[in-house]
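See structure below.
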Amino acid sequence: MTTPPDPHPLVAGARRLAAEVLAPRAEQVDQEGVPASSIEAVKRSGLLGLSAPVEYGGSAAPAAVARETAEILAGACCSTWFVQTQHHTPVMTLAKSELPVREWLLGPLARGELLSGVAYAQLRAYPRVPVRVTRERGGWRFDGTVPWYTGWGLNDVMLLAGVTDTDEALFAFTEARAQPGLRPSPPMRLAALTAARTVSLELDGLWLPEEAVALRTPYETWAAADRPKNTNAGPAVFGITASALGLLADGDPAAQESARVLRGRLDEVRRHAYALADHPVPSERIEERLVVKTRAYDLMRAATTAAVVAGAAGPWTSAAPRSGWRGRGCSCSCRDRRPRYARRTSGPWPRRTSAGCGWVAARFRLTGVPTRRAVVARRAVVARRAVPTRRAVVARRAVVAATPFRPPRRSDPPTRLWPATWLWPAVRLWPAARFRPPRPFNRRAVVAAARFQPAAPFRPAMPFRPPRRSDPPRRSGPPRGCGPPRGCGRPARGGRPAPPVPR
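The sequence shown begins at 18 in my numbering and counts up one residue at a time.
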């Protein structure tokens, strides 16, 4: 029997960081944002120098190690991973650069003394130029709008990019703070990863010296190297899927069997995706890369939805003590109602868990991940076959938000809105839109309402034809038997109405 090889030191450090810092704080991070203490822990771990040269204090780790550490961090706390992963692009840009900025900035970035962000996604909108760079006073002037920048308030520096008048892509470093010519927006409220502190940046004459430039190359050259990057499946997808399967495996035997099947698919898709990522020619087999990427995202959606529906417990659910609800903004007393809503179900859930309140579960309408309290409330309602409570409705909305939308069809069987639909496939959960508060342009609500309204019969419009002499006489006036016809002036004879007068 052979012993498995020891993991790479960076992989072991990533697991330790995830277990001791990231996973225990994941629920709090989702509510309040990524704290500076988590970023400091990432800096001390040495993971920021993962791809940096050894002579500058980095590790120069192989691609397989970088992918494995990304899976671990994303599976523990996706928001923290999303902030720190922006750092590796500036490090790799400086490692390939030969300009003066490399000597004074690559070392601090590789050793984790500084954290960098990136603002270059707007380059992919070419030939539209959201950020224009022009020569001014021996340096460069930036004007335009950066649509999004992640990690504002956590990063020390940023790598900013724009297009020059000669169609060159220019990258330069600046401090990640408000300054003359740079104005950030308030943090965006996103469908997911709001905790990563994403903002947009308004650039109005931001001036940077020539010494801050890290890369200057023709746009077509940069775009040719950038296009293949978005065709590969990212390791974070596999990390999130693995975490969801870990939660699913803690459930009942049926959930464990589902986790086993999905785990086999995960290993297959990951192996295929990483083989394509290691291909020596990144621009080849593009269609195959996109197919594998789609399979990876479909598998992630299936695993996370299965974990939500099965009610698996883990770092995605809240484990806060019941005594703290009133101090955290809850206006009701959940602990007083715990015997009514909280039920001991499958899965290693702490007995201190309560049903929770709408303000806790409603937060997951955007992310599609319900809390443990919302799942307990939903299961209690299903078991009692009672009228749905607001907490159960909120939990149901979370499942609907995590599933793809399919418009109803006339061939669908009659739908029971509650509670049997909890046991149906995810595609049958669309009638939950009826429980949502009215919102403008709510497509699901409109489709659901139209489902229960009889459709008007189809009557094709008849083309107009002028009357002809050969047409039969047309009746005018009241119906037969209701009096003399209009215009004849004679009463009906023998109790029979007179014939109509033709026009």
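By construction, the Cβ of each residue, glycine as well, lies at the ideal position given by its N, Cα and C atoms.
Can you check DSSP and say which residues form a bridge with residue i?
i	result
residue 215	167
residue 191	175
residue 254	BP columns for residue 254 are empty, so no partner.
residue 201	218
residue 186	180, 234
residue 159	150, 223
In or out: residue i buried (at least 16 other Cβ within 10 Å) or exposed?
i	result
residue 278	exposed
residue 247	exposed
residue 71	exposed
residue 428	exposed
residue 55	buried
residue 15	Outside the modelled stretch of the chain, which goes from 18 to 520, sits residue 15, for which no answer is possible.
residue 488	exposed
residue 53	exposed
residue 196	exposed
residue 182	exposed
residue 306	buried
residue 47	buried
residue 31	buried
residue 328	buried
residue 281	exposed
residue 82	buried
residue 121	exposed
residue 135	buried
residue 271	exposed
residue 308	exposed
residue 36	exposed
What is the C-beta distance between residue i and residue j, in whole angstroms, given that I count them as a contact (C-beta under 8 Å)?
i	j	result
residue 164	residue 133	About 19 Å; that fails the 8 Å criterion.
residue 14	residue 199	With the chain running from 18 to 520 in the structure shown, residue 14 is simply not present.
residue 191	residue 174	7 Å
residue 87	residue 102	7 Å
residue 249	residue 293	6 Å
residue 171	residue 137	Not confirmed; about 18 Å, so no contact.
residue 185	residue 143	Going by Cβ atoms, the distance from residue 185 to residue 143 rounds to 11 Å, so no, they are not a contact pair.
residue 156	residue 225	6 Å
residue 167	residue 213	5 Å
residue 29	residue 94	In fact, because the Cβ distance is near 18 Å, the residues do not count as touching under 8 Å.
residue 25	residue 112	Not really, about 20 Å apart at Cβ, beyond 8 Å.
residue 149	residue 180	6 Å
residue 126	residue 76	Wrong, their Cβ atoms sit about 13 Å apart, outside the cutoff.
Whose C-beta lies closer than 6 Å to the C-beta of residue i among residues of the same chain, with five residues either side of it excluded?
i	result
residue 109	68
residue 245	299, 300
residue 84	252
residue 104	65, 132, 133
residue 147	139, 161, 162
residue 221	198
residue 178	137, 140, 188
Less than 7 Å between C-beta atoms, sequence neighbours within five positions excluded: which residues of the same chain meet that for residue i?
i	result
residue 114	231, 232
residue 317	254, 257, 258
residue 261	320, 321, 324
residue 124	73, 74
residue 58	34, 38
residue 228	117, 118
residue 50	212, 214
Can you find a CB in chain D that lies within less than 8 Å of the CB of residue i?
i	result
residue 426	Absent from the structure: chain D. Only one protein chain is present.
Got a sec? Which residues, its chain only, sit under 8 Å from residue i by beta carbon, not counting five neighbours each side?
i	result
residue 203	216
residue 296	302
residue 61	129
residue 291	81, 84
residue 275	265, 323, 327
Please give me, in chain order, every unbroken run of the alpha helix (DSSP H) with length at least 4 that falls completely inside the stretch 222-293. Complete alpha helix (DSSP H) runs here, min 4: 236-243, 252-265.
Alpha helix (DSSP H) runs wholly inside the stretch 102-138, at least 4 long, in chain order: Counting whole runs of 4 or more residues, the stretch 102-138 contains the alpha helix (DSSP H) stretches 105-113, 118-127.
Entirely enclosed alpha helix (DSSP H) segments - the stretch 19-74, minimum 4 residues: Listed in chain order, they are 26-34, 40-49, 53-62.
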